[in-house]
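Undergrad: Numbering (full-length UniProt numbering), first residue to last: 1 to 149.
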């Protein structure tokens, strides 16, 4: 007896949510680690001091890479919830949306980690993948509230 029935194509959603997300997080981690080493920022300092980053390009690159990583972690919970929830109804659309978000995150991290914060905008297309899932998931959640039925 199965307590949960998943759509046949849900494996695509799981692949995006596991392998894809792991790849993005590892990419961000590698960028931060390399920048930390180059800038000489010792653990456990999360960022180089602003005064140092203003005069040392390597410290600025580290701060930018660290911020790109942090921003990815900040966005991850709502992305994953939207991905997995939307995938219950439309697994292929969710997987494609998730893949677009991941590609956008790679571009965002690469751009921001260059040391030029404006280059993070290269990943703005991530929202073309995220927003439809977020809106669909939000709609389904709100529409299923008992007091609205």
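Every residue, glycine too, gets a C-beta built ideally from N, C-alpha and C.
Owing to the predicted nature of the structure, the values given are computational and were not obtained by experimental measurement.
(1) Taking the alpha carbon of residue 11 as the point to measure from, which residue in 34, 61 and 90 has its own alpha carbon closest?
(2) Ignoring anything shorter than 4 residues, give me the alpha helix (DSSP H) runs that lie fully in the stretch 18–99, in order along the chain.
(3) Contact between the stretch 113–132 and the stretch 84–98 is defined here as three or more beta-carbon pairs at a separation below 8 Å; is this criterion met?
(4) With a threshold of 16 other CB atoms inside 10 Å of the CB of residue 43, please say whether the residue is buried or exposed.
(5) Report yes if the CB atom of residue 60 is closer than 7 Å to the CB atom of residue 115, and no otherwise.
(6) How big is the Cα-Cα spacing for residue 48 and residue 30?
TA: On the basis of the supplied data:
(1) 90
(2) 21–39, 50–55 and 57–89
(3) The answer is yes - the stretch 84–98 touches the stretch 113–132, with three or more Cβ pairs under 8 Å.
(4) exposed
(5) yes
(6) So the two alpha carbons sit approximately 17 Å from each other.
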